[in-house]
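Q:
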Amino acid sequence: MKRMILALSALLTATAMLACANAASDTWDTIEARGYFIVGLDDTFAPMGFRDDDGNLVGFDVDLATEVAARLGLEVRFQPIDWNAKILELDAKNIDVIWNGLTITAERREAIAFSSPYLENRQIVITKSGAGIATLTDLAGKKLGVQLGSAAEDAVTASAVSATIDELLKYDDYATALLELESGLVDAIVIDEVMGRYMVAQTSSSFVILEANFGTEEYGIGFRLGDATFVQKVNEALAAMVADGTAGRIASAWFGADVFLRQE
């Protein structure tokens, strides 16, 4: 009986391992068979992915994903999502990747797989001129705004500053946060540098960006755990784009310089 139980246990373990292996390859096989993959994004996150005046999705990440898809012989479809529910959307298979200024963190690595990092970013502080805020210490007693579920929220919460501020306000999107900063309902916001500098350039000259920040980080593309084949395919396409200069040209079009990280 004991031998039978051990044999059955070994069989179940082997079956489970085989199922996991098949699941890992099935995602890529499914994508390749249907001819497209679905990108989940926040369509208000300029300049990574946002709507132009005609309502079309444009941006740095949109251009990258479109080029990668073409190199893989696929089409790409973009699906706007609630950014706070991005991993739930991925796990539910409503989308195939999260590709929209997604910060690589240790916590997220426990839930999703990442591509090689492709862009460096900082969490910067934007305030209004004359607000009396020049350093992170000056945020004490102030109302600070972030996007719900963002890396900025994580960075502020993990910092010593969080214990000194009056309140941490969490917004569904940064467009709303910036409007409330303009109207004085919040004293400062913490935001991804790539988006913050773009928005400041497009909006009010009364906004100022502090020299101090909440740290440097890297962007990556998020995949379901186990999607090793899909991750490899995308990494190979990105590396080829770096090698032939395409990635640099896309970066220069949006940022004025080739800020794309070299692929290892």
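Using the numbering used here, read the sequence shown as starting at 153 and increasing by one per residue.
A virtual CB, placed ideally from N, CA and C, is assigned to each residue, including glycine.
Report all residues from its chain with a CB closer than 7 Å to the CB of Asp-248; omit the five preceding and five following residues, and keep chain order.
A: Within the sequence shown, numbered from 1, the residue matching residue 248 stands at position 96. Only Ile-183, Phe-189 and Ile-190 meet the Cβ criterion.
Q: Spell out the partners DSSP gives Asp-318 in its beta bridges.
A: Here residue 318 corresponds to residue number 166 of the sequence shown, with the count starting at 1. According to DSSP, which records beta bridges pairwise, Asp-318 is partnered with nothing at all.
Q: Would you identify the three-state DSSP class for Ser-177, choosing helix, strand or coil?
A: To locate residue 177, count along the sequence shown from 1; it is residue 25. With a pLDDT of 48 at Ser-177, under the threshold of 50, the predicted position of this residue should be treated as unreliable, though the coordinate-derived value follows. Three-state result, Ser-177: helix.
Q: So within the segment 268-329, which uninterrupted beta strand (DSSP E) runs reach at least 3 residues, ignoring any that extend past its ends?
A: The segment 268-329 contains these whole beta strand (DSSP E) runs: 271-280, 295-299 and 319-323.
Q: With H, G and I counted as helix, E and B as strand and the rest as coil, what does DSSP make of Gly-374?
A: If you number the sequence shown from 1, residue 374 lands on position 222. Gly-374: strand per DSSP, three-state reduction.
Q: Taking the beta carbon of Arg-229 as the centre, do at least 16 other beta carbons fall within 10 Å, making it buried, or is it exposed?
A: The residue you call residue 229 lines up with position 77 of the sequence shown. Classification of Arg-229: exposed, given that the 10 Å Cβ count is below 16.
Q: Comparing C-alpha positions only, which one of Glu-262, Lys-280, Thr-257 and Val-277 sits nearest to Pro-269?
A: Residue 269 sits at position 117 when you count from the first residue of the sequence shown. Selected option, being the one with the closest Cα: Thr-257.
Q: With a Cβ-Cβ cutoff of 8 Å, do Ala-403 and Asp-396 count as a contact?
A: Taking the sequence shown and counting its residues from 1, the one referred to as residue 403 is at position 251. Taking the sequence shown and counting its residues from 1, the one referred to as residue 396 is at position 244. No.
Q: Check this for me: beta carbons of Ile-276 and Gly-372, under 8 Å apart or not?
A: What you label residue 276 is simply residue 124 of the sequence shown in a count that begins at 1. What you label residue 372 is simply residue 220 of the sequence shown in a count that begins at 1. Going by C-beta atoms, Ile-276 is not nearer than 8 Å to Gly-372.
Q: Do you know offhand how far Asp-318's Cα is from Asp-204's?
A: Position 166 of the sequence shown, counted from the first residue, corresponds to residue 318. Position 52 of the sequence shown, counted from the first residue, corresponds to residue 204. Using only the alpha carbons, I get a separation of about 36 Å.
Q: Between which residues of its own chain and Asn-129 is the CB-CB distance below 7 Å, once the five residues before and five after are set aside?
A: Nothing can be reported for residue 129, as the shown portion of the chain is limited to 153 through 416.
Q: Decide yes or no for the touch test of the segment 278-285 against the segment 373-383: beta carbon pairs closer than 8 Å, at least 3 of them.
A: No, they do not touch.
Q: Enumerate in chain order the residues of its own chain whose CB-to-CB distance from Phe-202 is below 7 Å, with the five nearest sequence positions on each side excluded.
A: In the sequence shown, residue 202 corresponds to position 50, counting from 1. Cβ within range, chain order: Asp-195, Thr-196, Val-210 and Gly-211.
Q: Would you report the Cα separation of Asn-246 and Ile-285, rounded to the nearest angstrom?
A: In the sequence shown, residue 246 corresponds to position 94, counting from 1. In the sequence shown, residue 285 corresponds to position 133, counting from 1. Near 42 Å, if we compare the C-alpha coordinates of Ile-285 and Asn-246.
Q: According to DSSP, simplified to helix, strand and coil, what is Asp-410?
A: In the sequence shown, residue 410 corresponds to position 258, counting from 1. DSSP places Asp-410 in coil when its eight states are reduced to three.
Q: Where does Gly-397 fall in DSSP's three states?
A: Within the sequence shown, residue 397 is the residue found at index 245, counting from 1. Correct three-state label for Gly-397: coil.
Q: DSSP has Asn-236 in a bridge; who is on the other side?
A: Within the sequence shown, residue 236 is the residue found at index 84, counting from 1. Paired residues: none, contrary to the question.
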